[in-house]
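A.B. asks:
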Amino acid sequence: ETGVTQTPRHLVMGMTNKKSLKCEQHLGHNAMYWYKQSAKKPLELMFVYSLEERVENNSVPSRFSPECPNSSHLFLHLHTLQPEDSALYLCASSQDLGQGVDIQYFGAGTRLSVL
Amino acid sequence: KQEVTQIPAALSVPEGENLVLNCSFTDSAIYNLQWFRQDPGKGLTSLLLIQSSQREQTSGRLNASLDKSSGRSTLYIAASQPGDSATYLCAAILTGGGNKLTFGTGTQLKVEL
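Residue numbers (my numbering), protein chains in the order written: chain A, 1 to 115; chain B, 1001 to 1113.
Here is the structure:
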């Protein structure tokens, strides 16, 4: 158990649905991240939040909308997704954004299938 | 743009064998390099972190080395066990890149009885 919890673990949705992924960290960290892991591809960083402010948006389509209401919670709101968005979505947190010194702790991920 | 490559993509070895996983990166201006383990259906667990000023790090049966000049890192696993079966990912942080990790595609390891 890493202290980062993601729900749901599995999600199947149609292209017209709206759903949300939730991430909660119990580590007292100030920074949180969303990553996408597609088959045969490296993990891709999507968004970074520090103290509830978005500090990085890695050219992610607007059909993915992150929300960080407080430093312990991070959401990824999904709408009008495409089949190619099917992937494992991983959340991570770190104490801060100190370059290379703040180890990121990952949740178990949400396996998303878009039909 | 930093690219991280891991070879081989998959590896199967008998229990007890010593093995080496390889990671190469294109931009030598890295701040540090990390090795992670990912079990099926689970997230990533950090194994070792090597700062750019270091040459290697050890934890138990694991030893990671870093050679910035050649753009390579290796993860050495001694006396492999079936419990070591997992996907191993390396990730680099560039100098000036904040805390942003650039990942390789991973090596899927299977240790057989």
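All C-beta atoms, glycine included, are put in the ideal place defined by N, C-alpha and C.
1. Around the Cβ of Ile1007 of chain B, are there at least 16 other Cβ atoms within 10 angstroms (buried) or fewer (exposed)?
2. Quick one: list the residues of chain B neighbouring Leu43 of chain A, beta-carbon separation under 7 Å, in chain order.
3. Identify the continuous beta strand (DSSP E) that holds His73 of chain A and give its terminal residues.
4. Excluding the 5 residues flanking Leu115 of chain A on each side, which residues of the same chain have their C-beta closer than 8 Å to its C-beta?
5. Counting only Cβ pairs nearer than 7 Å, list the residues of chain B close to Phe106 of chain A.
6. Report the partner residues of Leu1067 of chain B according to the DSSP bridge assignment.
7. Tell me Val972 of chain B's beta-bridge partners as DSSP assigns them.
8. Quick one: does Phe1025 of chain B have its CB under 9 Å from some CB of chain A?
9. Am I right that Thr1105 of chain B and Tyr1088 of chain B are in contact with their C-beta atoms under 8 Å? What's the rounded C-beta distance?
10. Let me make sure I understand the geometry here. Which of B:Asp1039, B:Tyr1031, B:Arg1061 has the alpha-carbon closest to that of Leu1049 of chain B?
11. Specify whether the region 1063 to 1083 of chain B and the region 18 to 30 of chain A touch according to this definition: at least 3 beta carbon pairs, one from each stretch, less than 8 Å apart.
12. Just checking: is the beta-carbon of Gly14 of chain A within a distance shorter than 9 Å of some beta-carbon in chain B?
13. For Thr1026 of chain B, count neighbouring C-beta atoms within 10 Å of its own C-beta (all shown protein chains included) and say buried if the count is 16 or more, exposed if not.
14. Whole angstroms are fine: how far does the CA of Trp1035 of chain B sit from the CA of Ile103 of chain A?
15. Give the DSSP bridge partners of Tyr35 of chain A, in chain order.
16. For Ala1091 of chain B and chain A, any beta-carbon pair shorter than 9 Å?
17. Just how far apart, CA to CA, sit Ser1046 of chain B and Ser62 of chain A?
C.D. replies: The short version:
1. It counts as exposed.
2. Contact note: Leu43 of chain A reaches chain B through Phe1103, using a C-beta cutoff of 7 Å and chain order.
3. Element bounds for His73 of chain A: 73 to 79.
4. So the list reads Val12, Met13, Gly14, Met15, Pro83, once near-sequence residues are dropped.
5. Those are Gly1043, Leu1044, listed as they occur along chain B.
6. Note that residue 1067 of chain B is Asp in the sequence shown, not Leu. Per the DSSP secondary-structure output, Asp1067 of chain B pairs in a beta bridge with B:Arg1072.
7. In this structure chain B extends from 1001 to 1113, so residue 972 of chain B is not present and cannot be described.
8. Taking a beta-carbon distance threshold of 9 Å, Phe1025 of chain B does not count as an interface residue toward chain A.
9. Not quite, the Cβ-Cβ distance comes to about 11 Å (not below 8 Å), so this is no contact.
10. Comparing Cα-Cα distances from Leu1049 of chain B to each of B:Asp1039, B:Tyr1031, B:Arg1061, the minimum goes to B:Tyr1031.
11. Touching, no, given that fewer than three Cβ pairs across the two stretches are closer than 8 Å.
12. It does not; no Cβ of chain B falls within 9 Å.
13. So Thr1026 of chain B ends up on the exposed side.
14. Straight through space, the alpha carbons of Trp1035 of chain B and Ile103 of chain A are spaced by roughly 11 Å.
15. Beta-bridge pairing links Tyr35 of chain A to A:Leu45, A:Leu90.
16. Yes, contact with chain A.
17. Straight-line spacing of the CA atoms in Ser1046 of chain B and Ser62 of chain A works out to 31 Å.
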